[in-house]
Structure formats: structure tokens, C-alpha cells
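Here is the structure we will look at.
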Amino acid sequence: MFGLWKLSSEDFYHLLESGEFADTEILVGEEPNTKIFKAHSLILTTRSKYFRTALSNSWIRTEDNNIITLHKPNISVEVFDILIKFIYSGVIKLSDYDIRTNVAVLIAADELNLNEFCEHTEKFLLNNERSLKHNFVLIQKTVHQLSQFEKLSQFYETSINKDPSLILRANDFITIQQDALIHVLSEYNHRLNPIEVWDKLIEWAIGQSNELPKNTKEWTNNEMTIFGTIINPFITHINFEKISLTNFCNNIKPFKDIFDKEFYVQILEHYSFNAHSKFKIDIDSKIITPSHAFLLGNLIKMMNDNQNCTFEFQLLIRGSRDGFTVKNFHKNCDEKGRTITIASVKNSDEILGGYNPLDWNPKCEGKTDECFIFSLDKKELEKFVFSKIVDKNHAIYRNRGPDFGEKTSDLRLLEGDAKKGQCYKNSYEKLIRQVEGVFEIEDYEVFQVITINQPCEFVDDEVEVEVEVEINEYNGYEEYYEDYEYRRYDYEDVAINDVWD
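Following our numbering, the numbering of the sequence shown begins with 19 at its first residue and continues without gaps.
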């Protein structure tokens, strides 16, 4: 507690309480929370430079009864009540109020030019760093709106530079404005734990919408869409590549539908190409490696949302072995269901291809929204281009060789029964080569895509796998079950495919 103007302060306070001889009425607050305070212009102008100006002849509004009227809608009734009592008595006990009230009082006192009061209040706030950090968003808003509070501003800058996560862990985090949060993430994302950022963004999004239940597992498709709209501006400011596989599967994968598919592919590159490059699919190919096959399998899973499975690629045709005619292509590949077609471009490290979830057959065109085309590099896995179907009515043309897209085709092989192909942008999202046009095929292969179910359940840092094998009439004995005990494997040794589910 501190006191100013002790002389006659009790008398002044009595005047305020009684309203005697009041010549000023101040309407404070906004509807429905308003109040008229009766005051004395002589005391107001003596204590405050603001009122000295506001009550000057140029500002005065006088009613018929010679009462001066002022309106202060931007100051709450509670805050003005504290300040008017201080103006009259010179006494205030800030410890009686919480930090949010004290900050509001500080801002209002600054507007009323109560300079000594502001210095005392700022000092009082700084003496309780714990409270400031618990309400760090409030401090952030205050120092950005009013830079004149130099000591408070210095505290904020020093604190956030030392530990940017203070903003995420603040009790008032959900009150932060979108632009302020984006600024923090863009400025300090390299020093923030990305999974903590993600979890806090979910909390923040729920706080911004009355339509999102707190339990994310109960969200409907519509609620997931609402969440995606709210969180979209922040996506590019999250370091997804620094999130562990465990956390990715547990915390982010359930929300995969909010991501742009191409961006989701970019996120998953980290898991495929770097930390888990040892996961491969065996494949009988002269063109691509098992690592390429693993990538293609996961792209298929992403496109058709096929949960808890892996794939086997069974060779149907190889140009160098079976010829490069359209007739041979249809002879070996028709009515085989899902297929992956790949072709190596002559005199380059370029591999082009496409995924067709439909049968190849002599019919004209195939309509689907699960097709995609791609380009790979023989030596560098990360140099791949993924292009999903945009015009599903012209996904494939089945009466020619492998043909993806309409008109001149986004990708066509065996043009004119020869080792020729062409690539133009028509029905798919993007061009998969650097330039449009015709190219020469070195070799091509088509694989049937066969699904192999492989259930797996994630736990924190390990994967717990229950294997139950059913054996019927084994060695002449009756049917029985062999139940294997739970086996724990290091997380990096199993179940990488579940990232793509």
C-alpha cells in the first residue's frame, strides 16, 4: 500500500461518497454494464492532466442544470471505481485485485495521465513474475498496445526470448489473437516443441469456436472441417519434421483429413526418406528399388484411405521381356484390378508412372478420384513429384496403352506401339516432368497391387503387437490356436506404414 495527497484525503473521499456539491457526471462502461459517477471538476482537474483537458471549455458538455457530463465507454465500471477512489483519496491497495484487474487499471490510469500511479502499478506487477508468466498473453497484448510501459515491455521481451514456450503454457493462452500467435510461431518455431505447438493449437481452436467439443474423438466430419479452417493459417509454421513418429501417429494422424494431400505427403517424406528408410517392399523390378516401392505403397494408402494394410507388387509385364505393344499390355494387364505402371526415361535418371485403382480393359475411359501419377529419381528418393487426379471423369483411358488423363494425356506410354511416351498437363494436378512433350522409354513395367492386412496398435514409445495364428488340422491334430505372447519391438522396427493410414 502507498499513499499520496494525505492532506484532506479523507474529506475528499467523503465528498465522492456523498456526492455533495458534485458538478460533473461521468458515464462509464458499455451497455448493459454502465454507471454514472458523480464527481467534482475542481478535484478532477487538480489530480489529472487528462481531466484538466477534458473539462476545459472546448470539451465541456453541460446539461440544462449546469452539470458537466463526460462519457468513458472504454473503461469498465470496476476499473473506474478503483481509479476515482484513488483520485480522491490518494490511496490504493493493489494486492486486493487480481492481475487482470490491475493491468486494466494500469491501462486506464495511463489514459487519465495518472503518471505516479502508473509507475507504482507497473512496479507492483513486476514484483510478481510468476503471475505475469501465468498471464503471459495479457502482458503480450498490453506491451504491444502500450509501448510506454518500458519496464513491462522489457520483461516480456526478455522472458519470451529466453523461453518462447511461455506463451503456450500461459493460463490465458486461448485468448491470444491469431496474428499474434502466428508471429510467435514464425519468430520462435525453431525453439518450440512442435508437438506441444500442435496440441496447444487444438486447445486454441476449441476456444475460438462454440461448435467444437473438447473431446476431439467425438468430432463429426463437419466439426473436423471447422477445425481445419481455424487452424489452417498455422500449418506452415509447425516443424512437423521434428515430431517423433510416435507423436505423429498419436497426435496428428487422427486429423489428417484437414491437410492438403500434397502437403501431407511432404510431411511424410521425413518418415519415408530419412528416419525410416530401412522399411522397404520387396519387388521384382528392373526400374525401381524396394524403397521406391515402399513410397508408392504409402501413396496408395493415402489416396484410398486403406487402413492397417501393406501391399505386395506382383509383376504383370516388363517391356524388355514381353514387348512394347499395346496388345501385349492388355493381354497381360487387363482385369487385374489395381495396378502401378512405371517407365524409365532413356538417357536419364527419371522414372515416370501412374496408379490405376480400376481394371485395365478395352473400354474407353475410367472415372475415379483415387488415381495419381508421379515421377521418381533413380538415385535420390526425395526428388519425387506426386500429382493427384483433378478431373475424375478423365482419370484413365483404357483402350490404349497405359494412359492417364484426357486429350494429349498427362502420361501415356506405348504411343504407336513403340518405345515412346508423352507427358502433358490436362486432367491431373501438376505436370510431373520439367517440360511437356514426347520422351523415349528405356523400359516399362506394370505391377498388380495386392493388399496384405497387417493389424498393429500404437503405444507411447513402443508398438505392442499381438499375434494370434490359427492352424487348422496341423499334423493330423484337431484345429487349435497358437497364441503368441505380447511382443515389444523398438518403434523404428515395425509399423512404419501406419503413419500413412
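Ideal Cβ positions, reconstructed from N, Cα and C, are used throughout, including at glycine. Computed from a predicted structure; not experimentally measured.
Rounded C-beta distance between threonine 343 and cysteine 351? I'm assuming under 8 Å. That belief does not hold up - the Cβ atoms of threonine 343 and cysteine 351 are roughly 12 Å apart, past 8 Å.
Judging by CA-CA distance, which residue of Phe392, Ile105, Pro420 is the nearest neighbour of lysine 381? Comparing Cα positions, the closest option is Pro420.
Roughly how many whole angstroms lie between the Cα atoms of leucine 124 and lysine 169? When rounded, the distance between both Cα atoms is 13 Å.
Measuring only the C-alpha atoms, how far is phenylalanine 331 from phenylalanine 312? Phenylalanine 312 has its alpha-carbon roughly 10 Å from the corresponding atom of phenylalanine 331.
Alpha carbon to alpha carbon, how far is aspartate 275 from glutamate 488? Give it in angstroms, no decimals. Per-residue confidence for glutamate 488 stands at a pLDDT of 24, beneath the threshold of 50, marking its modelled position as unreliable; the derived number appears in the next sentence. Glutamate 488 and aspartate 275 have their C-alpha atoms spaced approximately 36 Å apart.
How is asparagine 51 classed by DSSP in three states: helix, strand or coil? In this structure, DSSP gives asparagine 51 an extended state, which the three-state scheme calls strand.
Stretch-stretch touch, CB-based, cutoff 8 Å, three pairs: the stretch 231-244 with the stretch 202-210: No: fewer than three Cβ pairs fall under 8 Å.
Which residues in the same chain as lysine 24 place their Cβ atom closer than 7 Å to its Cβ, once the five residues preceding and following it in sequence are excluded? Reliability of the predicted coordinates at lysine 24 is poor, the pLDDT of 49 falling under 50, and no value is obtained from them.
Is alanine 57 helix, strand or coil by DSSP? In the three-state reduction of the DSSP assignment, alanine 57 falls in the strand class, which pools E and B.
Shortest alpha-carbon distance to threonine 42 belongs to which of Ser445, Glu241, Leu33? Ranked by Cα distance from threonine 42, the options Ser445, Glu241, Leu33 are led by Leu33.
Could you tell me which of Asp278, Lys53, Gly371 sits nearest to histidine 89, measuring between CA atoms? A check of alpha carbon separations from histidine 89 across Asp278, Lys53, Gly371 identifies Lys53 as the nearest.
Name the one or two DSSP bridge partners that valine 155 has. For valine 155, which the question treats as bridged, DSSP gives no partner whatsoever.
Within 10 angstroms of the Cβ of serine 362, are there 16 or more other Cβ atoms? Answer buried if so, exposed if not. Burial call: buried.
Burial state of asparagine 490 (16 or more Cβ within 10 Å): Reliability of the predicted coordinates at asparagine 490 is poor, the pLDDT of 30 falling under 50, and the value obtained from them is presented with this limitation in mind. Its Cβ having fewer than 16 others within 10 Å, asparagine 490 is exposed.
Among Gly47, Leu432, Phe422, which one has its Cα closest to the Cα of tyrosine 442? Ranking Gly47, Leu432, Phe422 by Cα distance to tyrosine 442 puts Phe422 first.
In the structure shown, what three-state DSSP assignment does glutamate 14 receive? As displayed, the chain neither begins before 19 nor continues past 519, which places residue 14 out of reach and without an answer.
Using the Cα positions of isoleucine 102 and glycine 246, report the straight-line distance between them to the nearest angstrom. Linking isoleucine 102 to glycine 246 through their CA atoms gives a straight-line distance of about 47 Å.
Taking three-plus beta-carbon pairs below 8 Å as touching, is the stretch 363-372 in contact with the stretch 455-465? Inter-segment contact for the stretch 363-372 and the stretch 455-465 is present: three or more beta-carbon pairs are separated by less than 8 Å.
Sequence ranges, beta strand (DSSP E) only - wholly within the stretch 306-390, length at least 3: Correct list: 327-336, 357-363, 368-374.
Extent of the continuous beta strand (DSSP E) to which arginine 430 belongs: Going by DSSP, arginine 430 is part of the beta strand (DSSP E) stretching over 429-431.
Quick one: Cα of proline 251 to Cα of leucine 219, how far? Each residue's alpha carbon lies about 11 Å from the other.
Residue(s) in a DSSP beta bridge with cysteine 136: Partner(s): none; cysteine 136 has no beta bridge.
What residues are listed by DSSP as bridge partners for histidine 89? According to the DSSP secondary-structure assignment, histidine 89 is paired through a beta bridge with Leu45.
Excluding the 5 residues flanking proline 375 on each side, which residues of the same chain have their C-beta closer than 6 Å to its C-beta? Same-chain partners within the cutoff: Arg356, Thr386, Glu388.
Taking DSSP as the reference, what is the three-state secondary structure of lysine 225? A small correction: the amino acid at residue 225 is glycine; lysine does not occupy that position in the sequence shown. Helix, per DSSP.
Run of the alpha helix (DSSP H) containing valine 408, from where it starts to where it stops: First-last for valine 408: undefined, no H or E at that position.
I'd like the ranges of any alpha helix (DSSP H) spanning at least 4 consecutive residues and lying wholly in the stretch 204-249. Inside the stretch 204-249, DSSP marks whole alpha helix (DSSP H) runs of 4 or more residues at positions 212-226, 239-249, from first to last along the chain.
Enumerate in chain order the residues of its own chain whose CB-to-CB distance from isoleucine 192 is below 7 Å, with the five nearest sequence positions on each side excluded. If we look at isoleucine 192 and ignore the five residues flanking it on each side, its Cβ neighbours are Glu221, Trp222, Gly225.
Name the DSSP bridge partner or partners of phenylalanine 422? Phenylalanine 422 pairs with Ile414, Leu429.
CA nearest to the CA of arginine 328, picked from Asn316, Gly371, Asp461: Note that residue 328 is threonine in the sequence shown here, rather than arginine. Looking at Asn316, Gly371, Asp461, the one whose alpha-carbon comes closest to that of threonine 328 is Asn316.
Among Glu353, Ser393, Lys401, the one whose alpha carbon lies nearest that of asparagine 379: Considering only alpha carbons, the answer is Glu353.
What span of residues does the beta strand (DSSP E) with glutamine 172 cover, start to end? Run containing glutamine 172: none in the beta strand (DSSP E); it sits in the alpha helix (DSSP H), 168-180.
C-alpha distance - leucine 431 paired with lysine 437, whole-angstrom precision: Whole-angstrom Cα-Cα distance: 8 Å.
Give every residue of the same chain whose Cβ lies closer than 7 Å to the Cβ of arginine 65, excluding the five residues on either side of it in the sequence, and list them in chain order. For arginine 65, same chain residues with a beta-carbon under 7 Å away, outside a window of 5 residues either side, are Ile105 in chain order.
Cβ separation of isoleucine 391 and aspartate 428, assumed to be a contact under 8 Å, to the nearest whole Å: That pair is a contact at about 6 Å.
Alpha carbons only, please: which of Thr63, Asn84, Asn83 is nearest the one belonging to serine 74? For serine 74, the nearest C-alpha among the options comes from Thr63.
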